[in-house]
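Input: a single structure, listed below in structure tokens.
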Amino acid sequence: MGDSQPRKAQVIRAPFRPIVTYHTSVFLAGTTSSTSGPDWRQTLTDAISLLPVTVFNPLRPDWDSTWREDPEFEPFREQVQWELDMQEKADVVVVYFGPGTDAPISLLELGLCARAGKGVVACHKEYRKRGNVLMVCQRFGLDVVDNVDDLASTLVRKLEGLLGPAAQGR
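Numbered continuously in this note's numbering, the sequence shown closes out at residue 1009.
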């Protein structure tokens, strides 16, 4: 991916709802806890940046961890509604399970996309609930890999398949 090529992918962050530029879209579900490694969402966004896709990124720089998880609390309700809407709209839902967390919301997101077959999953070998994730992925025929680099490659292949021959000429 050379610096001379302009970025094509449109990235939409929660809670914004601009006009979607590209028909094919990806929702980035998964672990939000900070890890010692690079931001997995940025790694994936960079990997697909030359593809004509829309990326729905739920991570909000203005998120306040003191906000109440209560449907009556407007910022929380707005965030969760955005996540549900964008996950439903997306053609592909990436779910990343990193080490050191149970990631209960990520498990919920996997459950929401599994039956539709639109999940692409990375589950770190040290993720506490790995067995559950592997069994759900096996049941519903979802691709599952162990790390972010393999996830990026899998995602690119999946999107190129959805986009068809036009994506090959990027």
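Glycine residues also receive a C-beta, built at the ideal position from the N, C-alpha and C atoms.
For the candidate residues D930, V931 and E908, whose alpha-carbon lies nearest to that of Q920?
It is E908 whose Cα lies nearest to the Cα of Q920.
Would you please state the rounded distance, in angstroms, between the beta carbons of V959 and L990? I believe it to be under 8 angstroms.
So it is a contact: roughly 7 angstroms between Cβ atoms.
Starting from A886, trace the alpha helix (DSSP H) in both directions and tell me its first and last residue.
Counting along the chain, the alpha helix (DSSP H) containing A886 begins and ends at W879 to A886.
Hey, how far is the Cα of G956 from the Cα of T905?
Going by the C-alpha atoms only, they are around 35 angstroms apart.
On the CB-based measure, 16 or more other CB atoms within 10 Å of its CB, does T870 come out buried or exposed?
With 16 or more other Cβ atoms within 10 Å, it is buried.
Can you list, in chain order, the residues of its chain whose CB lies under 7 angstroms from that of E917, leaving out five sequence neighbours each side?
Closer than 7 angstroms at Cβ, skipping near neighbours: P854.
Check F866 in the structure and name its three-state DSSP category.
Residue state, collapsed to three classes: strand.
From G841 to E965, what distance separates their C-alpha atoms?
Confidence at G841 is low in this model, with a pLDDT of 47, below 50, so its placement is unreliable and no value can be given for it.
In the structure shown, what three-state DSSP assignment does R852 receive?
Strand.
So does the segment 969 to 984 actually touch the segment 850 to 865, counting three or more Cβ pairs closer than 8 angstroms?
The answer is no - the segment 850 to 865 does not touch the segment 969 to 984, with fewer than three Cβ pairs under 8 angstroms.
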